[in-house]
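Residue numbers (my numbering): 18 to 476. Cβ coordinates follow ideal geometry from the N, Cα and C atoms, glycine included.
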Amino acid sequence: MDLTELWKAALGEIRLNISKANYLTWFKNSFIKEIKDGVAFIGVSSSFAKEWLENKYHKNIYQALTNLEPTIKKIEYVVAEVSNPINLEEAVEARKKFKLKKSNEVINQPMFYEMSVDQETNLNPKYTFENFIVGSYNELANAASLAVVENPGTKYNPLFIYGGVGLGKTHLLQAIGNKLKKERKKAKVLYVSAEKFTEDLVRAIMEQKMSEFKNKFRNLDLLLIDDIQFIAGKDKAQEEIFHTFNTLSQKNKQVVFTSDRPPKAIPSIEERLRSRFEGGMTADIGYPDLETRLAILKIKNQETQHLIPEESLYFLAEAIPKNIRDLEGGLNRLIAQARLQNKPLTLEETKKILSSVLNKPNEYISPQKVIKKVSAFYDLKEEEILSHSRKKELVKPRQIIMYLLREELGYSFTNIAEKMGQRDHTTIIHACKKITKEIEKNPVFAQEIFVLKDLLYNK
Ligand code: ADP
Ligand code: MG
């Protein structure tokens, strides 16, 4: 077996799911050292890279390799000197060749329990009621959601769940879908964000495919629409949501909405739609109390208990009161560091690691350092990044710098404009918004930013 070709092809496969920057950072200098008794030993250039591949990319690697070479059953990572870095183009080419060669053989793919989104329903199986912690702050929303699964389309229609960011709205919404689907295999369930719904609608109108669109959304047993506040000010989307809801509810089919605010507080929506939102059941999610936050952390720390002691969890739970996503992010950061140093964290270390998350850098970070690190990460020259070129590969890193200066250093927009040699500070506002949004939408990109922050604080 040609290990180099196999690995190149695997990298080509992996590349489909990760960004170029991450490829260059984590994969370029890797190779297959040997395959022995079904174990593939992947050589990487540093213990840091080893850590990242193990924790962040293992599933990708496993999937790609076992798909190409089913005799591989297990993967181990070792630090080793690399001789020939594999560039992107080579990887992409090798993947094509490999696929062609293999296409005549039946690949006996091993079962793979990746938590991936279901194509038909858009549901992610990781969101369940079983792993949703209930406290007084979300009791009502949880109970209403369970009631909907028990009696869909009758009792609470629509169910309208609202609450701040990172507090479990999407989790609950998806849990409703997953549970109904589990209990009634034939039920037609669809999860969609209001943004995606709107995009699909616009496309359907443009391509004159409205009957298909209506078919898709009006023949369901359960329609789950996330972040409905997005349709504020969007007339066509509002009209379509209104009629979709009417059609479904007349047939006793269930609709659930989530929103970051109550119906009354959504600006510029039609009154008839607002009254529909309020016409079923509304349930809000507040802020979790300290006990609940600790409970959530403990559950997520079950396998890493030996690394993250109770007092660290307590510190984290106290520090982040209003956002469970951030709470999880903080914990992940602690786990990554503890794994890296391979011994339990002390409270001091915990505080130090979290200082960046808590927006209180314990070390002064200069704007120059941000520019330098981002340039290096994307393999660009500082002058290039600071230029006014509109080249795509420059614009994004430039926006990331602006975002980091704002988020991590707390610089004002005008100040950032000055530092970046931009005349207009609205460019900075736009950049920060754009990056924030992409972080929310794209986990791979979010991770890239996470790596960058790490480089900024820890190296
Ligand atoms: P929202 O949609 O309200 O912004 P999410 O549903 O995406 O928030 O939740 C953010 C993260 O926090 C997810 O990983 C989710 O699984 C987790 N989470 C939120 N609430 C809970 C909870 N009560 N129990 C366990 N995990 C939770
Ligand atoms: Mg959400």
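Original post:
How big is the Cα-Cα spacing for ILE325 and LEU70?
Top reply: Here the alpha carbon of ILE325 sits roughly 21 Å from the alpha carbon of LEU70.
**OP:** Could you tell me if the beta carbon of ASP301 falls within a distance shorter than 7 Å of some heavy atom in the ligand MG?
**Re:** ASP301: no, Cβ never under 7 Å from the ligand MG.
Original post:
Cα separation between TYR144 and LYS202?
Top reply: Answer to the nearest angstrom: the Cα atoms are 17 Å apart.
Original post:
With which residues is ILE59 paired in a DSSP beta bridge?
Top reply: For ILE59, which the question treats as bridged, DSSP gives the partners ILE49, TYR94.
**OP:** Kindly list the residues whose CB is nearer than 6 Å to the CB of SER62, restricted to its own chain and excluding five residues on each side of it in sequence; keep chain order.
**Re:** Result list for SER62: ASN46, VAL99, in chain order.
Subject >> C-alpha distance - ILE52 paired with SER36, whole-angstrom precision >> reply: Their backbone Cα atoms lie some 27 Å apart in a straight line.
Subject >> Reduced DSSP category for MET298 - H, G, I as helix; E, B as strand; rest coil >> reply: It is a strand residue.
Subject >> Reference GLU410, options LYS398, ILE150, TYR420, closest by Cα >> reply: Looking at the Cα atoms, LYS398 is the closest of the given residues.
Original post:
Out of curiosity, what's the CA-to-CA distance linking HIS405 and ASP441?
Top reply: Cα to Cα, HIS405 sits roughly 12 Å from ASP441.
**OP:** Compute every distance between the C-beta of ARG342 and the non-hydrogen atoms of the ligand ADP, then say whether any falls below 7 Å.
**Re:** For ARG342, the Cβ falls inside the 7 Å cut-off from some heavy atom of the ligand ADP.
Subject >> THR187 Cβ short of 7 Å to the ligand MG heavy atom set >> reply: Under cutoff, so the answer is yes.
**OP:** Output yes or no for whether 8 Å exceeds the beta carbon distance between GLY29 and ALA108.
**Re:** Yes, these two residues count as a Cβ contact at 8 Å.
Subject >> LEU33 burial status per 10 Å Cβ neighbour count (16 or more: buried) >> reply: Taking a 10 Å sphere around the C-beta of LEU33, we find fewer than 16 other C-beta atoms and assign the residue as exposed.
**OP:** Assuming LEU333 and GLY347 form a contact by the criterion Cβ under 8 Å, report the distance between their Cβ atoms to the nearest whole angstrom.
**Re:** Cβ atoms of LEU333 and GLY347 come within 8 Å of each other, at about 5 Å.
Original post:
Is DSSP giving ILE549 helix, strand or coil here?
Top reply: The structure shown has nothing for residue 549, since the chain only spans 18 to 476.
Original post:
Does the Cβ of LYS67 have 16 or more other Cβ atoms within 10 Å, making it buried, or fewer, making it exposed?
Top reply: That one is buried.
**OP:** Tell me whether ILE466 sits in a helix, a strand or coil according to DSSP, three-state version.
**Re:** In the structure shown, ILE466 falls within a helical segment according to DSSP collapsed to helix, strand and coil.
**OP:** Take ALA26 as the anchor and find which of ALA355, PHE115, THR275 has the nearest alpha-carbon.
**Re:** Ranking the options by Cα distance to ALA26, first place goes to PHE115.
Subject >> Test item: CB-CB of PRO175 and VAL273 under 8 Å >> reply: Taking 8 Å as the Cβ cut-off, PRO175 and VAL273 qualify as a contacting pair.
**OP:** Answer yes or no: do THR42 and TYR154 have a C-beta to C-beta separation smaller than 8 Å?
**Re:** It is not a contact, given that the beta carbons lie outside the stated cut-off.
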